[in-house]
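Protein chains in written order, with this note's numbering: chain H, 1 to 180; chain V, 1 to 180. In what follows, a single structure is set out as structure tokens and then discussed.
There are 2 protein chains.
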Amino acid sequence: MIGVMRALDLSKVYQKLEPGPVVLLTTSEGGRANVMTMSWHTMLEFNPPLIACVVSEGNFSHRALKRTGECVIAIPPAEMAEIVVGVGNCSGREVDKFARFGLTAKKGTMVAAPRIAECIANIECRVVDRALVARYNLFVLEAVKAWIEPGRAKAKTMHHCGYGRFLLDGEELHIRSAKP
Amino acid sequence: MIGVMRALDLSKVYQKLEPGPVVLLTTSEGGRANVMTMSWHTMLEFNPPLIACVVSEGNFSHRALKRTGECVIAIPPAEMAEIVVGVGNCSGREVDKFARFGLTAKKGTMVAAPRIAECIANIECRVVDRALVARYNLFVLEAVKAWIEPGRAKAKTMHHCGYGRFLLDGEELHIRSAKP
């Protein structure tokens, strides 16, 4: 059932973000939720998980993220591709994207920003470092709570290659490795 | 033929790195080349392309990158998975990884760090910002020259999910998008 979330150990958050999926980033400012599409993010530290991400000044979410210091990184499955592109092609300045794209906002447990019920993973984050915001729009986030949907553990994610071209997750490979 | 490289317009570098492939990062210090495996990287800017990446202090490459300010980001195809894991599981402190893994170093054109002939893309980079090196081992690189192998444009890349588990590129999806 879509929307059933189970807590994910914070030490495993990197396993969801390291592979570079396109994600949705939600914010909430003054009771108004917004969501943007984002592919420019990287892990910085395993545990507690630190994540660096670029939220451009041109994005309406920039202001909310800066003011509230909170967001949720939600990972959409490939089935949501049309929505992911749609969310990226309009602005929260003009539209309520949750309404327009039929996304179900689910209250965050640690942050005001909402989780997205249709997504396969939701990571609640707080901004912990703004040192490079002015120079690169780069925010450093700490994941404070993470959720996955157990029933969709094998759902495919998308990787963006520019202008709506995506590569979906394909074959899985296992090679014995000593390192995380 | 493996190793035939064609220059890639710098404005397209993001299309190679944004999807989050596992990459190899080469350095050269005092005439000695080294290579490490890396998945913690993100684009920061389109053009000139700026890339942020984490090279941990524990990595032998950290010192070389800090001292020389130069590196090459090389993107391996899925066929190199065993090598990619092998490179990540040993240190240049003890071994000559190019020799051990049979990698062909090809002189960089703008930097001293070598390109890797077996890789499908090579991006020559210079460190342009060290502000977050002390805090997060995060280097900001500028891509100064990029190369692709025209004959392997459709080669699959790998996305690391921890401990040698990879998801390879699968199905390709195109959705009309107004944005890069």
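By construction, the Cβ of each residue, glycine as well, lies at the ideal position given by its N, Cα and C atoms.
Tell me which residue opens and which closes the alpha helix (DSSP H) that residue i is part of.
i	result
V/F101	Per DSSP, V/F101 belongs to no alpha helix (DSSP H) and is neither H nor E.
V/T68	F60 to T68
V/L17	V13 to L17
Give a yes or no on whether the minimum CB-CB distance between residue i and chain V is below 8 Å.
i	result
H/D169	yes
H/K184	Since the first and last residues shown for chain H are 1 and 180, residue 184 of chain H lies out of range.
H/I148	no
H/N59	no
H/S28	no
H/G164	yes
Counting only Cβ pairs nearer than 9 Å, list the residues of chain H close to residue i.
i	result
V/K156	L167, G170 and E171
V/E142	In chain order: nothing, as chain H lies at least about 12 Å away.
Below 7 Å CB to CB, which residues in the same chain sit around residue i once its five sequence neighbours on both sides are set aside?
i	result
H/R126	G69, E70, V111, L141, E142 and V144
V/T37	V22, L24, V84, V87 and G88
V/K156	P77, A78, L168 and D169
H/K16	I75 and A121
Residue i lies in the beta strand (DSSP E); which residues open and close that run?
i	result
H/F139	L138 to I148
V/E45	H41 to E45
H/L132	It is not in any beta strand (DSSP E) - H/L132 carries neither H nor E in the DSSP assignment.
H/R152	Careful: H/R152 lies outside any beta strand (DSSP E) and carries neither H nor E.
H/R165	R165 to H174
Taking only beta-carbon atoms, is residue i less than 8 Å away from chain H?
i	result
V/A131	yes
V/I175	yes
V/G92	no
V/A81	yes
V/S11	no
V/V128	no
For residue i, which residues of its own chain have a beta-carbon under 6 Å away from its beta-carbon, when the five flanking residues on both sides are left out?
i	result
V/F98	A33 and A105
H/V128	V140 and E142
Please state whether DSSP places residue i in a helix, a strand or coil.
i	result
V/A74	strand
H/I51	strand
V/M80	helix
H/G30	coil
V/D6	In the sequence under discussion, the amino acid at residue 6 of chain V is Arg, which differs from the Asp named in the question. Here V/R6 sits in strand by DSSP.
H/G20	coil
H/V95	coil
In chain H, which residues lie with their C-beta within 8 Å of the C-beta of residue i?
i	result
V/A54	In the sequence as displayed, the identity of residue 54 of chain V is Val instead of Ala. Those within 8 Å of V/V54 in chain H are T42, M43 and L44.
V/L138	L44 and A52
V/V85	I175, R176 and S177
Using a cut-off of 7 Å between C-beta atoms, extract the partners of residue i located in chain V.
i	result
H/C161	Q15, E18 and P19
H/N89	S177, A178 and K179
Who are the near neighbours of residue i in its chain, counting only those whose CB is closer than 8 Å to its CB and skipping five residues on each side?
i	result
H/D9	A146
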